[in-house]
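Protein chains in written order, with the numbering used here: chain A, 269 to 595; chain B, 269 to 595.
All C-beta atoms in this analysis are idealised placements derived from N, C-alpha and C, irrespective of residue type, glycine included.
There are 2 protein chains.
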Amino acid sequence: MQTIDNLNTIVSNYFESNKFEGNPAELYDPINYILGLGGKRVRPLMVLMSYKLFKDDVEKALPLAQAIEVFHNFTLIHDDIMDKAPLRRGEETVHIKWDDNIAILSGDAMLIKAYQLLEELESSQLKTILPVFSKTAIEVCEGQQYDMNFETRNDVTIDQYVEMISLKTSVLLGAAMKIGALGADAEESEANFLYDFGKFLGLAFQLQDDYLDLYGDPNKFGKRIGGDVVANKKTFLTLKAFLKADKSTEQELKELFSTNNLNFAEEEKKINRVREIFTALDVVDNMKEEINKYYNNAIIALYELNVEENKKEELLQFAQNLIKRDV
Amino acid sequence: MQTIDNLNTIVSNYFESNKFEGNPAELYDPINYILGLGGKRVRPLMVLMSYKLFKDDVEKALPLAQAIEVFHNFTLIHDDIMDKAPLRRGEETVHIKWDDNIAILSGDAMLIKAYQLLEELESSQLKTILPVFSKTAIEVCEGQQYDMNFETRNDVTIDQYVEMISLKTSVLLGAAMKIGALGADAEESEANFLYDFGKFLGLAFQLQDDYLDLYGDPNKFGKRIGGDVVANKKTFLTLKAFLKADKSTEQELKELFSTNNLNFAEEEKKINRVREIFTALDVVDNMKEEINKYYNNAIIALYELNVEENKKEELLQFAQNLIKRDV
Numbered sequence: 269m270q271t272i273d274n275l276n277t278i279v280s281n282y283f284e285s286n287k288f289e290g291n292p293a294e295l296y297d298p299i300n301y302i303l304g305l306g307g308k309r310v311r312p313l314m315v316l317m318s319y320k321l322f323k324d325d326v327e328k329a330l331p332l333a334q335a336i337e338v339f340h341n342f343t344l345i346h347d348d349i350m351d352k353a354p355l356r357r358g359e360e361t362v363h364i365k366w367d368d369n370i371a372i373l374s375g376d377a378m379l380i381k382a383y384q385l386l387e388e389l390e391s392s393q394l395k396t397i398l399p400v401f402s403k404t405a406i407e408v409c410e411g412q413q414y415d416m417n418f419e420t421r422n423d424v425t426i427d428q429y430v431e432m433i434s435l436k437t438s439v440l441l442g443a444a445m446k447i448g449a450l451g452a453d454a455e456e457s458e459a460n461f462l463y464d465f466g467k468f469l470g471l472a473f474q475l476q477d478d479y480l481d482l483y484g485d486p487n488k489f490g491k492r493i494g495g496d497v498v499a500n501k502k503t504f505l506t507l508k509a510f511l512k513a514d515k516s517t518e519q520e521l522k523e524l525f526s527t528n529n530l531n532f533a534e535e536e537k538k539i540n541r542v543r544e545i546f547t548a549l550d551v552v553d554n555m556k557e558e559i560n561k562y563y564n565n566a567i568i569a570l571y572e573l574n575v576e577e578n579k580k581e582e583l584l585q586f587a588q589n590l591i592k593r594d595v
Numbered sequence: 269m270q271t272i273d274n275l276n277t278i279v280s281n282y283f284e285s286n287k288f289e290g291n292p293a294e295l296y297d298p299i300n301y302i303l304g305l306g307g308k309r310v311r312p313l314m315v316l317m318s319y320k321l322f323k324d325d326v327e328k329a330l331p332l333a334q335a336i337e338v339f340h341n342f343t344l345i346h347d348d349i350m351d352k353a354p355l356r357r358g359e360e361t362v363h364i365k366w367d368d369n370i371a372i373l374s375g376d377a378m379l380i381k382a383y384q385l386l387e388e389l390e391s392s393q394l395k396t397i398l399p400v401f402s403k404t405a406i407e408v409c410e411g412q413q414y415d416m417n418f419e420t421r422n423d424v425t426i427d428q429y430v431e432m433i434s435l436k437t438s439v440l441l442g443a444a445m446k447i448g449a450l451g452a453d454a455e456e457s458e459a460n461f462l463y464d465f466g467k468f469l470g471l472a473f474q475l476q477d478d479y480l481d482l483y484g485d486p487n488k489f490g491k492r493i494g495g496d497v498v499a500n501k502k503t504f505l506t507l508k509a510f511l512k513a514d515k516s517t518e519q520e521l522k523e524l525f526s527t528n529n530l531n532f533a534e535e536e537k538k539i540n541r542v543r544e545i546f547t548a549l550d551v552v553d554n555m556k557e558e559i560n561k562y563y564n565n566a567i568i569a570l571y572e573l574n575v576e577e578n579k580k581e582e583l584l585q586f587a588q589n590l591i592k593r594d595v
């Protein structure tokens, strides 16, 4: 049995030897650029781990793994245009390094390339996997649109927020697991348990990411601590704090979350005050409960899965590494 | 045998009863909006006509016809952002009516919706048709990128221009024919003759559109006469004129095609002078020869096609209507 590190190497080597060639360069260079920025490659790894529960020849799942990763990176290119983000993984975003038009069009081409990677499937698998892929892709678009809508709304509920992050990020992790399983001819019911495992793990991961944004170790988190607060993003913590706050604290939070264009010192002051309020309101405990709820749902789905118990070990370890990381 | 008008009605009714429902509204409204603007529906009609050469139950080809039309309209939404176009079919473009972000994301969703329409195919057809669809989709992106690149290049050859318009517009007409045929289980070789018919007809059509831009009847053309000249677009006519011009005329053309921000009277003067030069250089005859060359190639492909001759009549009539329209 390959370890997770081994699978990572297999994925990296495959991606390295399967770049996207073609003309004009302005269309293909951005594709290879963003894929070359690396990242944790969580999604392709999930495809392979899921496949490996049912079949040993994991290299057969590599086009599927790449399809999921290429799709994910297409969403990053387009999201970065919409968010006007200057940096991605510490490097210039595609729309900054080239321009908006090239970012739109190379993103479009990536989405098509992701579909092209499914062509290698035999016809019966294609018939099963294509709808899972497209349904997920549409849901990711819906999640991104909700995220944009929420920026200007003040009435977002926690349920709506969780639904938004589920669509925007978690369903793709679910689909990575499900598609890996279907690629190995697993039963639909088993593939669905793995979908749930991936989706719930994705929810726990995204909520933890929201938590780390404000409470993470600056040396380990890799982004500025408090970035969501500076951007007035309404994450789980914020929404919960608004719910629990008394009138005067609610008013203070409203004021804090409507300030813009602060200088760095003012931003740090704002972040610290928000953190104080959150701590006083105990919303971190609510957050941790919520993370645990989704994490446990993921583990239950894994428990229900009908494969030998020792084969589940790797996924359990993967889930633990993803969620129990240093804060 | 249904007439072309009958097929048009079948297409319109199907599109009307198969709109795209979903939430959030900001994602789905633009999709139904652009599809509701109408247009000639040339591509879905081609899918049905091609299917009907081999099988009678044309309604089975309607999801394929809609897939091609939805894909085409996805490209319109994204192209209009890139071109900063305010109007499409006389109405506001999606990025103007909503905003750039919504236009990017609803375009993305449309591309995925186009793929979802292929899901209704049985698995063996899916395996054959999906690669044709994706290959064409990528080529359309390549064509759009070449078109953008050509805006700032002064060394574009006529061959490169024809290759660009082939990718940007003609291959999709070829694919519409090919996919219609494959949907009716036609032989690959027959499907390829129909691809050539569609592609060459598309080239003739696009070149004629370039011609009509400068020489069309303003009451029939539906756009301002001379729009390409005002925008300094290097179409076949312009490229040919540069090739045939003597030194002094070449210099005058260079100057004419580098003017910007003229007032309306100056623009009209520029258009008239360009038309005079083109007429003096006889480039319209060259253009007509070129259009005829591609039109004849389309008819030859139809001739080679192995179906009963009387079944080809409708396609021949369609080709004649498309190309021999009033100028």
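If you run the structure through DSSP and keep just helix, strand and coil, what is residue i?
| i | result |
| --- | --- |
| Glu-359 of chain A | strand |
| Arg-543 of chain B | helix |
| Glu-577 of chain B | helix |
| Arg-421 of chain B | coil |
| Glu-284 of chain A | helix |
| Val-595 of chain B | Confidence at Val-595 of chain B is low in this model, with a pLDDT of 38, below 50, so the placement of that residue should be treated as unreliable; the coordinate-derived value is given next. Of the three classes helix, strand and coil, the one that applies to Val-595 of chain B here is coil, per DSSP. |
| Phe-468 of chain A | helix |
| Arg-311 of chain A | helix |
| Pro-354 of chain A | coil |
| Lys-323 of chain A | coil |
| Glu-456 of chain B | helix |
| Ile-397 of chain B | helix |
| Glu-572 of chain B | helix |
With a threshold of 9 angstroms between beta carbons, is residue i in contact with chain A?
| i | result |
| --- | --- |
| Lys-501 of chain B | no |
| Leu-379 of chain B | yes |
| Asn-286 of chain B | no |
| Asp-553 of chain B | no |
| Val-595 of chain B | Note that Val-595 of chain B scores 38 on pLDDT, short of 50, meaning its location in the model is unreliable; the coordinates nonetheless yield the value given after this. No, no contact with chain A. |
| Gln-334 of chain B | no |
| Ala-405 of chain B | yes |
| Tyr-429 of chain B | no |
| Ile-349 of chain B | yes |
| Ile-447 of chain B | no |
| Asn-422 of chain B | no |
| Gly-290 of chain B | yes |
Within 9 angstroms of any Cβ in chain B, is that where the Cβ of residue i sits?
| i | result |
| --- | --- |
| His-340 of chain A | no |
| Pro-399 of chain A | yes |
| Glu-390 of chain A | yes |
| Gln-413 of chain A | yes |
| Val-479 of chain A | Just to set this straight, residue 479 of chain A is Tyr in the shown sequence, not Val. No, Tyr-479 of chain A lies away from the interface with chain B (no Cβ there is under 9 angstroms from its Cβ). |
| Ser-657 of chain A | One cannot answer for residue 657 of chain A here, as it falls past the ends of chain A, which runs 269 to 595. |
| Tyr-563 of chain A | no |
| Pro-486 of chain A | no |
| Ser-402 of chain A | yes |
| Ile-302 of chain A | no |
| Leu-644 of chain A | Residue 644 of chain A cannot be examined here, being either before or after the span of chain A that is shown, 269 to 595. |
| Asn-369 of chain A | yes |
| Gly-442 of chain A | no |
| Asp-453 of chain A | no |
On a Cα-Cα basis, can you pick out the residue from the options that is closest to residue i?
| i | options | result |
| --- | --- | --- |
| Ile-447 of chain B | B:Asn-276, B:Leu-570, B:Asn-274 and B:Pro-312 | B:Pro-312 |
| Asp-514 of chain A | A:Ser-526, A:Ala-548 and A:Phe-504 | A:Ala-548 |
| Thr-527 of chain B | B:Thr-506, B:Glu-544 and B:Val-497 | B:Val-497 |
| Glu-557 of chain A | A:Ala-329, A:Ile-370, A:Ala-443 and A:Leu-475 | A:Leu-475 |
| Asp-273 of chain B | B:Asp-347, B:Val-310 and B:Asp-297 | B:Val-310 |
| Leu-316 of chain A | A:Ile-539, A:Ala-443 and A:Asn-564 | A:Ala-443 |
| Glu-390 of chain A | B:Pro-399, B:Leu-385 and B:Glu-388 | B:Pro-399 |
| Gln-412 of chain B | B:Leu-469, B:Arg-356, B:Thr-343 and B:Glu-456 | B:Thr-343 |
| Ile-397 of chain A | A:Gly-451, A:Val-430 and A:Asp-376 | A:Gly-451 |
| Ala-329 of chain A | A:Phe-288, A:Phe-283, A:Pro-292 and A:Leu-584 | A:Phe-283 |
| His-346 of chain A | A:Gly-306, A:Ala-335 and A:Ile-364 | A:Ile-364 |
| Asn-422 of chain B | B:Thr-503, B:Leu-469 and B:Gly-358 | B:Thr-503 |
| Val-439 of chain A | A:Phe-465, A:Ile-278, A:Asn-417 and A:Ile-349 | A:Phe-465 |
| Val-542 of chain B | B:Lys-522, B:His-340 and B:Leu-373 | B:Lys-522 |
Say the cut is 8 angstroms; is the CB of residue i nearer than that to a heavy atom of the ligand SAM?
| i | result |
| --- | --- |
| Ile-447 of chain A | Only the bare structure without any ligand can be found here, which leaves the ligand SAM out of the picture. |
*Completely contained alpha helix (DSSP H) runs for the region 510-568 of chain B, where each covers 4 or more residues*: 515-524 and 532-548
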